[in-house]
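Note sheet for the following structure.
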Amino acid sequence: MLLAALCMMAASVNVLQAQAPQGDLFVSSRNTNSVKRYDGQTGAYLGDFVKPNAGGLNATQEVLFGLDGHLLVSGRGNRHILKFDRYTGNFLGNFTSGYDLDNPTKMTLGPDSLLYISQWGQIKRKVARFNFSTGVFVDEFTETDLNQGSGHAWDAAGNFYVASFGSADVRKFDANGKFLGVFTETGRLRGAVNLWFGEGGHLFVVDWTLGSVLRFDGQTGRFKSNFITGMQNTEGFVFGPDSSLYLCDWSRNTINRYDRSGRVLGIFANSGDMRAPNSVTFGSSSGTVVSERESMPQGFALQQNYPNPFNPGTIIRFQLPSHGRVSLTIYNISGQLVRTLLDSSASAGAHAVAWDGRD
Numbered sequence: 001m002l003l004a005a006l007c008m009m010a011a012s013v014n015v016l017q018a019q020a021p022q023g024d025l026f027v028s029s030r031n032t033n034s035v036k037r038y039d040g041q042t043g044a045y046l047g048d049f050v051k052p053n054a055g056g057l058n059a060t061q062e063v064l065f066g067l068d069g070h071l072l073v074s075g076r077g078n079r080h081i082l083k084f085d086r087y088t089g090n091f092l093g094n095f096t097s098g099y100d101l102d103n104p105t106k107m108t109l110g111p112d113s114l115l116y117i118s119q120w121g122q123i124k125r126k127v128a129r130f131n132f133s134t135g136v137f138v139d140e141f142t143e144t145d146l147n148q149g150s151g152h153a154w155d156a157a158g159n160f161y162v163a164s165f166g167s168a169d170v171r172k173f174d175a176n177g178k179f180l181g182v183f184t185e186t187g188r189l190r191g192a193v194n195l196w197f198g199e200g201g202h203l204f205v206v207d208w209t210l211g212s213v214l215r216f217d218g219q220t221g222r223f224k225s226n227f228i229t230g231m232q233n234t235e236g237f238v239f240g241p242d243s244s245l246y247l248c249d250w251s252r253n254t255i256n257r258y259d260r261s262g263r264v265l266g267i268f269a270n271s272g273d274m275r276a277p278n279s280v281t282f283g284s285s286s287g288t289v290v291s292e293r294e295s296m297p298q299g300f301a302l303q304q305n306y307p308n309p310f311n312p313g314t315i316i317r318f319q320l321p322s323h324g325r326v327s328l329t330i331y332n333i334s335g336q337l338v339r340t341l342l343d344s345s346a347s348a349g350a351h352a353v354a355w356d357g358r359d
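Start counting the sequence shown at 1; every next residue gets the next number (the working numbering).
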């Protein structure tokens, strides 16, 4: 367990991770070209956060909150990642620049604080990287094309893994993008779309075709067991603030909830005319516009990091009531300093810092 400490001037605040769900659940609805919003505690439908086809959104794929708190959305029919206002869902413009994406699908914040984006294009099939703060193109990271590349994950050594839907496997690259080979045991997967490293260092892979989550040895890639079964077509996952695992069933149009052992807890959301949900994330949105003065924090606030667990990086958000010098430090459960993320002057208002999870 890790704790974050936020200090400003002579005062300090230590904030523990919240244990109950916070904020709302945002779901990409592929076949309505929109993003749905649900109550994060009850699963009740709250409406279309991003309206159908807003900003030209086409075939919604992935939803992710940026450093500034605004929502980033990929669509297979779009050439850029689109940006939407965190309060209203209104289209703010293209987030990525300097490179035209070709059928963009999954996107992940990497340990280098860059945004990694897979492409299902006819011409471009490499994973591309962008600056997560500015959206400016950095490079095509993978040295080889991928056959319908999807989700991403990193191991402790910094190696990069991509779920390859078209070749029904997981591909491994080193920290510089050099192809190291097929990682997962042959014949076990049918349509890999998402993945993460979890309990015991195992690699968990979401398979759309099988409607399952499979567990592989994180060192050898050998198949270990089926972690979750019984869904029709599974795509999109998130670990919520309550530590539950939320998975989308693409064909049944449901968001299912599981505990950390893979035990089903029930259907969390299935209303609001969601169609082919394929990505899900938690975040806060007031749903109304507030003035800068009204939104100014009245005191220190250190919010829960997201994603949690890290995949592999995470974003820590905090708010300051006034300008001052700030120190943001990470401690382990024994009280030992892990890393100082920030030690500088900062203005009043909301801030966000990306951390790769390393000391």
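Ideal Cβ placement from N, Cα and C applies to all residues, glycine included.
Remember, it's a predicted structure, so these values are computed and weren't measured experimentally.
Check                                                                                                                                                   : Outcome
Do you know whose CA, among 264, 241, 247 and 339, lies nearest residue 234's CA?                                                                       : 247
Does the distance from the CB of residue 114 to the CB of residue 130 come in under 8 Å?                                                                : yes
I'd like to know whether the C-beta atoms of residue 97 and residue 137 end up nearer to each other than 8 Å.                                           : yes
Which one of 238, 50, 272 and 82 has the shortest CA to CA distance from residue 198?                                                                   : 238
So what does residue 247 bridge to, in DSSP terms?                                                                                                      : 237 and 256
Using only the alpha-carbon positions, how far apart do residue 361 and residue 270 sit?                                                                : Residue 361 lies beyond the stretch modelled for the chain, which goes from 1 to 359, so this question has no answer here.
Quick one: grab the DSSP three-state call for residue 31.                                                                                               : helix
Rounded to whole angstroms, what is the Cα-Cα separation between residue 241 and residue 202?                                                           : 22 Å
Note down, one range per segment and in chain order, each beta strand (DSSP E) of at least 3 residues found wholly within the stretch 41-83.            : 45-50, 60-65 and 71-75
Rounded to whole angstroms, how far is the Cβ of residue 207 from the Cβ of residue 189, which I believe are closer than 8 Å?                           : 6 Å
Helix, strand or coil for residue 143? Go by DSSP, reduced to three states.                                                                             : coil
Return the first residue and the last residue of the beta strand (DSSP E) that residue 183 is part of.                                                  : No beta strand (DSSP E) contains residue 183, which DSSP labels as neither H nor E.
Pick from 122, 273, 331 and 160: whose alpha carbon is nearest that of residue 111?                                                                     : 160
If I measure Cβ to Cβ from residue 123 and keep anything under 8 Å in the same chain, skipping five residues before and after, which residues do I get? : 102
Decide if residue 37 is buried, meaning its Cβ has at least 16 other Cβ atoms within 10 Å, or exposed.                                                  : buried
With distances taken Cα to Cα, identify the nearest neighbour of residue 173 among 183, 166 and 194.                                                    : 183
Which class does residue 23 belong to by DSSP, given the choice of helix, strand or coil?                                                               : coil
How is residue 200 classed by DSSP in three states: helix, strand or coil?                                                                              : helix
Quick one: measure Cβ to Cβ for residue 227 and residue 192, integer angstroms, because I've assumed they're closer than 8 Å.                           : Their Cβ separation, rounded to whole angstroms, is 14 Å, which puts residue 227 and residue 192 out of contact at 8 Å.
Would you kindly check if the distance between the Cβ of residue 220 and the Cβ of residue 179 is under 8 Å?                                            : no
Under DSSP, the beta strand (DSSP E) around residue 154 begins and ends at which residues?                                                              : 149-154
Identify which residue in 24, 58 and 205 has its Cα closest to the Cα of residue 31.                                                                    : 58
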